[in-house]
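A short worksheet on the structure shown next.
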Amino acid sequence: MNLSYSICKQAQPLISFTGGLNTNSLNFHNRKDKVVVVMGATGTGKSRLSIDLATHFQAEIINSDKIQVYKGLDIVTNKVTEEECRGIPHHLLGIKDPDADYNATNFRHDALLAIESIIEQDKLPIIAGGSNSFIESLVNDDPYFASRYDCCFLWVDLSLPILQRFVSERVDQMVEAGLLEEVRGVFDPEANYTQGIRRAIGVPEFDSFLRAEGKNTDQEILDTLLHLAIDEVKENTWKLACRQLQKIHRLRDFWGWNLHHIDATEVFLKQGEDAHEAWKRLIVGPSVMTVAQFLYRPTSVQNFPKSPSTTVIPRTVPSMAAMATASH
Numbered sequence: 013m014n015l016s017y018s019i020c021k022q023a024q025p026l027i028s029f030t031g032g033l034n035t036n037s038l039n040f041h042n043r044k045d046k047v048v049v050v051m052g053a054t055g056t057g058k059s060r061l062s063i064d065l066a067t068h069f070q071a072e073i074i075n076s077d078k079i080q081v082y083k084g085l086d087i088v089t090n091k092v093t094e095e096e097c098r099g100i101p102h103h104l105l106g107i108k109d110p111d112a113d114y115n116a117t118n119f120r121h122d123a124l125l126a127i128e129s130i131i132e133q134d135k136l137p138i139i140a141g142g143s144n145s146f147i148e149s150l151v152n153d154d155p156y157f158a159s160r161y162d163c164c165f166l167w168v169d170l171s172l173p174i175l176q177r178f179v180s181e182r183v184d185q186m187v188e189a190g191l192l193e194e195v196r197g198v199f200d201p202e203a204n205y206t207q208g209i210r211r212a213i214g215v216p217e218f219d220s221f222l223r224a225e226g227k228n229t230d231q232e233i234l235d236t237l238l239h240l241a242i243d244e245v246k247e248n249t250w251k252l253a254c255r256q257l258q259k260i261h262r263l264r265d266f267w268g269w270n271l272h273h274i275d276a277t278e279v280f281l282k283q284g285e286d287a288h289e290a291w292k293r294l295i296v297g298p299s300v301m302t303v304a305q306f307l308y309r310p311t312s313v314q315n316f317p318k319s320p321s322t323t324v325i326p327r328t329v330p331s332m333a334a335m336a337t338a339s340h
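Here the numbering used here = 1-based position in the sequence shown + 12.
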């Protein structure tokens with residue numbers, strides 16, 4: 013079974029490690045292979061950072077987004093394009109039938125196969141995606157993974173007001189790029205919106221509009237329904253971002269994951285070349301240093317999550333309502 017999205021050719025790394033990335037030649041004390049995990053809410057630049065890291069190290073990327081695993085709806089699901097891949101192979105991206113079920117158990121199985129395939133090539137696996145429940149299931153619930161791999165967790169973050177604004181602007185950009193045409197192409201009045209790729213935000217929201225469109229409804233009503241659908245996509249995407257942040261806070265504060273926090277707020281406040289330079293200076297540079305230190309140091313328990321101690325009181329995880337309030 014092919015578990016890779018193979019249209020991207022391998023780019024030449026900017027940093028080369030004699031003896032490979034996941035061998036004991038790096039340090040004879042190292043007894044675990046190493047995996048990098050890039051986390052963050054939707055729209056924060058996880059995919060971009062993972063590709064940047066993969067061009068610096070001998071690495072391949074494993075998608076951990078539960079919707080991007082499906083074939084089709086590339087605009088709706090915001091898959092990276094071939095150009096954006098910059099030659100870096102991506103695994104578990106656009107490989108599943110749109111109507112198939114795919115859960116955390118499936119992901120654990122497929123991700124482990126991909127990790128082992130990448131390591132056999134003496135390369136670094138980078139897991140990137142917004143489905144933190146998939147990542148948690150792999151890291152916390154799979155004894156084999158825990159016994160074999162040491163993890164470095166990078167968390168790309170934004171201030172809430174900036175994130176909410178960017179999420180809204182990105183939906184508008186997706187509509188301009190052809191989101192509605194994609195959804196129209198898979199519309200089925202009998203479809204189940206709780207299964208497969210049709211669960212994706214950006215699909216069920218257009219149901220009322222597409223049903224009305226098929227009945228030769230008055231144009232003014234259609235325009236109203238379309239605007240309502242787009243607003244609903246923005247609202248649901250923002251709610252998703254809040255849930256993702258809640259999950260990340262829980263992984264850090266309750267499960268004790270050692271997350272390297274990367275604040276991208278300043279980058280998103282800039283435009284054009286200034287934003288590009290700020291991304292390299294504030295995001296890529298520190299991330300490359302963090303990963304390089306992780307690859308060279310001996311395996312340590314400090315970076316790997318443990319079961320929460322009964323004597324530790326976790327910090328309060330902000331609610332979605334609190335996040336939404338903070339954004340205004």
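From the three backbone atoms N, C-alpha and C, an ideal C-beta is built for every residue, glycine too.
Fair warning: this is a prediction, and the values are worked out from it, not measured in the lab.
Proximity below 8 Å, CB of residue i to CB of residue j
i, j, result
"Q80", "T89", "yes"
"V195", "W250", "no"
"K44", "Y156", "no"
"A253", "T54", "yes"
"Y82", "K58", "no"
"I74", "A123", "yes"
"G106", "I209", "no"
"L263", "E95", "no"
"R190", "I100", "Strictly speaking, residue 190 in this sequence is Gly, with Arg absent from that position. In this structure, I100 does not lie closer than 8 Å to G190 by Cβ."
"K46", "F306", "yes"
"N270", "I213", "no"
"K135", "Q70", "yes"
Classification of residue i by the beta-carbon crowding that lies within 10 angstroms, buried from 16 upward
i, result
"S62", "buried"
"Y205", "exposed"
"D8", "Given that the chain is displayed from residue 13 to residue 340, the structure contains no residue 8 and the question cannot be resolved."
"L237", "buried"
"N228", "exposed"
"I127", "buried"
"G226", "exposed"
"Q256", "buried"
"G284", "exposed"
"H239", "exposed"
"L192", "buried"
Neighbourhood of residue i by C-beta distance below 7 Å, restricted to the same chain and skipping five residues each side
i, result
"F146", "S76, K78, A116, F119"
"I274", "L166, W167, V168, D169, I295, P298, S299"
"S143", "S76, D77, K78"
Anticipated Cβ contact below 8 Å, residue i with residue j, distance rounded
i, j, result
"V279", "I139", "22 Å between Cβ atoms; not a contact."
"V187", "E217", "That pair is no contact at about 11 Å."
Same chain only: Cβ atoms within 6 Å of residue i, ignoring 5 sequence neighbours per side
i, result
"I130", "E72, P137"
"K259", "N144"
Sheet register partners of residue i (DSSP bridge)
i, result
"P137", "E72"
"W167", "M51, H273"
"Y82", "K108"
"K46", "D162"
Beta-carbon contacts of residue i that lie in its chain and below 8 Å, excluding the five residues immediately before and after
i, result
"T56", "V168, D169, L170, L175, A276"
"T302", "C164, L166, H272"
"Q207", "D111, D113"
"A224", "I233, L234, L237"
"K91", "Q80, L105, G106"
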